[in-house]
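Take the sequence shown: its letter number 100 is residue 1538 in this note's numbering, and every next letter is one higher.
Single-structure report; data block below.
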Amino acid sequence: MIKNFLPNEHVKSIFDIQPSTLNERGIKGIITDLDNTLVAWDVKDATPEVIQWFKLMEDYNIKVTIISNNKEERVKIFSDPLNTPFVFSARKPLSKAFITVARKMELKKEEVVVIGDQVLTDVLGGNIAGFHTILVVPIVQTDGKITKINRKIERRILKYMRKKGKISWEE
Ligand SMILES: [Mg+2]
């Protein structure tokens, strides 16, 4: 059970995730979270760096879909200019959105990575659904209301796993 909270990888930010490395590993698709993963939760639009990152993935034929527990308006306003498919109100950590998106991408689970900043939604959901998960450091330390509660639980889980020697990255 506890291993479902453990990401396969942990990186500082999405910019540490390179399409060439993904290609070498046979990865053809990315399912990514939005808030505090791509931009801060209270930033409306993609930054030039994020736009560049999406272009880079496209150049390498890596399909990207955004799945977010946030509302339609937020996710649509962000995703549309990037020409990226998205799922809003995804109800992560439930598996449904992850599975549906992989099917729409016409990719196998082994060909897709799940990226996100939260253990309780992105990592747990991605793991349960059977994907390779990558945890990123949240862009800002503040969060929306619901996330604040999740973070408290997350901190406890991370503390426990660190004690058990399951994780080695810096806080
Ligand atoms: Mg997030």
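Cβ atoms here follow ideal geometry from the backbone N, Cα and C, with glycine treated the same way.
- When ALA1478, ILE1440 and GLY1467 are compared, the shortest CA-CA separation from VAL1578 is found for ALA1478.
- THR1585: member of the alpha helix (DSSP H) spanning 1583-1601, first to last residue.
- Rounded to the nearest angstrom, the gap between the Cα atoms of ILE1605 and PHE1536 is 25 angstroms.
- Between GLU1549 and ILE1465 a beta carbon distance of about 6 angstroms is seen, short of the 8 angstroms cut, so the two are scored as contacting.
- Distance from the C-beta of ASN1508 to the nearest heavy atom of ligand 1 is not below 6 angstroms.
- Between ligand 1 and the CB of ASN1565, the shortest heavy atom gap is not smaller than 6 angstroms.
- In the three-state reduction of the DSSP assignment, LYS1546 falls in the coil class, being assigned neither a helical nor a strand state.
- Excluding the 5 residues flanking it on each side, VAL1488 has same chain C-beta neighbours closer than 7 angstroms at LEU1476 and VAL1477, in chain order.
- Around the beta carbon of THR1585, 16 or more other beta carbons sit within 10 angstroms, so the residue counts as buried.
- If you ignore the 5 residues before and after ILE1591, its C-beta comes within less than 8 angstroms of the C-beta of LEU1558, all in its own chain and listed in chain order.
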